[in-house]
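Position in the sequence shown counted from 1, then plus 190, gives you the working numbering.
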Amino acid sequence: MTMRKEPRHEWLWALAFSAAAIALSLAPVSDALAAEKLDTTRLVSVGGDVTEIIYALGEQDRLIARDTTSMYPEAAMKLPDVGYMRALSPEGILAMNPTAIIAIEGSGPPEALNVLKSASVPFETVPNAYTREGILAKIDRVGDLLGQPDKARSLEEKVGADLDAAIADAEKRPEGERKRVLFILSMQGGKIMASGTDTAADGIIKLSGSVNAVGNFPGYKPLTDEAIVEAKPDVILMMNRGDGSATKNEDLLKQPALALTPAAQNKAIIRMDGLHLLGFGPRTAGAVRELNAAIYGS
């Protein structure tokens with residue numbers, strides 16, 4: 191049963207993985223002693239990566255609800271939905287009578303967190319960084335909060351080894367052969383919203399052995415026609431929405447500036463599941479391999 195549904199526009203999905211974290215008024219408890227005392231018998235998880243880690247640790251029986259971005263594994267979809275991670279419903283969360291909330295850094299809004307704080311519900315955050323080390327830090331933090339450091343270390347070793355292998359394989363490609371990838375978040379009113387640095391899209395492009403075609407600005411920004419032409423992308427990367435709301439390939443190719451790029455001329459458009467591509471969780475090594483194969487055909 192869904193307790194609250196938020197608009198599922200494309201920009202929401204990338205914002206879920208963007209680096210611009212909202213300043214939280216609730217300071218997380220970071221010491222191991224406090225983590226051991228945290229009651230997680232009725233747990234709400236916020237953030238698809240956090241939820242995925244909880245399942246990967248085998249601790250899913252603690253979960254009583256999740257946020258809208260928590261769509262993997264499929265079993266998570268059976269849990270009540272307390273809203274989009276940046277537009278949480280404090281009333282919906284409190285109605286679940288949770289003993290604790292574990293959320294990815296940047297969840298909010300602050301007003302909702304203040305309501306939860308006043309209700310004395312522990313709200314713990316998990317750091318977010320779009321790197322190999324960032325993924326392992328997430329696992330470590332979640333494991334500590336659940337009182338399962340041994341399980342976390344075991345998962346870190348497995349995920350770390352898989353990432354190392356995928357990244358090493360991608361890095362074998364010579365610099366001169368690496369393609370320029372343009373991640374398009376959305377195209378509204380003819381304007382292309384693209385991913386710069388300090389974003390999940392930038393992180394996954396780099397891990398896959400490729401180059402962010404617009405890596406000269408932070409965050410997500412609309413591009414001018416001149417910037418699109420100058421970017422000279424070899425590949426266009428987008429999220430596969432699966433609900434019919436995404437811009438169709440033929441509409442992308444009709445965009446005048448984009449039509450002048452090598453990517454459009456070669457119809458090199460790649461779409462991948464948003465959470466898998468941008469989640470930076472236990473499955474990211476697979477996303478690196480999948481993206482690398484889609485870009486380079488091997």
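We put the CB at the ideal spot given by N, CA and C, even for glycine. Fair warning: this is a prediction, and the values are worked out from it, not measured in the lab.
- How far does the beta strand (DSSP E) with P339 in it reach, from first residue to last? Note, P339: premise wrong, no beta strand (DSSP E); alpha helix (DSSP H) at P339 to E361.
- What whole-angstrom Cβ distance do S385 and L481 have, given they're in contact under 8 Å? About 14 Å; that fails the 8 Å criterion.
- A351 versus I485, A484 and T474, residue with shortest Cα-Cα distance: Cα-wise, what sits closest to A351 is T474.
- Item | Spatial distance of M462 from A417 (CA atoms) | 24 Å
- Query: Would DSSP call Y245 helix, strand or coil?
  - Reply: helix
- Who are the Cβ neighbours of P218 in its own chain at under 6 Å, not counting the five residues just before and after it? Low confidence applies here, because P218 scores a pLDDT of 44, under 50, leaving its location unreliable and the question unanswered by this model.
- Item | Beta-carbon gap between D441 and R370 smaller than 7 Å | no
- Message: I'd like to check one pair, L375 with Y410: are the Cβ atoms closer than 7 Å?
- Response: yes
- Item | Cβ-Cβ distance between I357 and L345 below 7 Å | no
- Task: Taking R461 as part of the alpha helix (DSSP H), name the residues at either end of that continuous run.
- Result: It is not in any alpha helix (DSSP H) - R461 instead sits in the beta strand (DSSP E) that spans I459 to M462.
- Helix, strand or coil at Q179 according to DSSP, with G and I counted as helix: Outside the modelled stretch of the chain, which goes from 191 to 488, sits residue 179, for which no answer is possible.
- List the DSSP bridge partners of Q147. Absent from the structure is residue 147, since the part of the chain shown begins at 191 and ends at 488.
- F470 by DSSP, collapsed to three states: which one? coil
- Task: Grab me the residues of A342's own chain with a C-beta within less than 6 Å of its C-beta, minus the 5 sequence neighbours each way, in chain order.
- Result: Result list for A342: I329, D330 and G333, in chain order.
- Message: If you reduce the DSSP assignment to three classes, tell me which class A204 lands in.
- Response: Confidence in A204 is poor, its pLDDT being 49 and thus under 50, which makes the residue's placement unreliable; the coordinate value appears in the next sentence. If DSSP states are grouped into helix, strand and coil, A204 belongs with the helices.
- Task: Could you tell me the boundaries of the beta strand (DSSP E) in which E314 lies?
- Result: F313 to V316
- I394 versus V478, N318 and P263, residue with shortest Cα-Cα distance: V478
- How about G464 and M429: do their beta carbons lie closer than 7 Å? yes
- Item | V234, enclosing alpha helix (DSSP H) - first and last residue | Where V234 is concerned, there is no enclosing alpha helix (DSSP H), although the beta strand (DSSP E) it sits in stretches over L233 to V236.
- Could you give the DSSP three-state label for L481: helix, strand or coil? helix
- Message: Restricting to runs no shorter than 4 residues, where is the alpha helix (DSSP H) found entirely within the segment 400-447?
- Response: Within the segment 400-447, the complete alpha helix (DSSP H) segments of 4 residues or longer fall at 415-421 and 439-444, listed in chain order.
- Task: Within the same chain, show all residues whose beta-carbon is closer than 7 Å to that of E249, passing over the 5 residues directly before and after it, in chain order.
- Result: Around E249: L336 and Q338.
- Query: Buried or exposed: where does L450 fall if 16 or more other Cβ atoms within 10 Å of its Cβ makes it buried?
  - Reply: exposed
- Rounded to a whole number of angstroms, what is the C-alpha to C-alpha distance between I460 and T259? When rounded, the distance between both Cα atoms is 21 Å.
- Message: Quick check: the segment 230-237 against the segment 289-308, are at least 3 beta-carbon pairs closer than 8 Å?
- Response: yes
- Message: Between the alpha carbons of N456 and P312, how many angstroms are there, rounded?
- Response: Using only the alpha carbons, I get a separation of about 52 Å.
- Item | C-beta contact flag for R276 and G298 at 7 Å | yes
- Query: Straight-line CA distance for Y245 to L303?
  - Reply: 25 Å
- Beta-carbon proximity of D239 to G469, cut-off 7 Å: yes
- Task: Can you have a look at S308 and say buried or exposed, based on whether 16 or more other CB atoms are within 10 angstroms of its CB?
- Result: With fewer than 16 other Cβ atoms within 10 Å, it is exposed.
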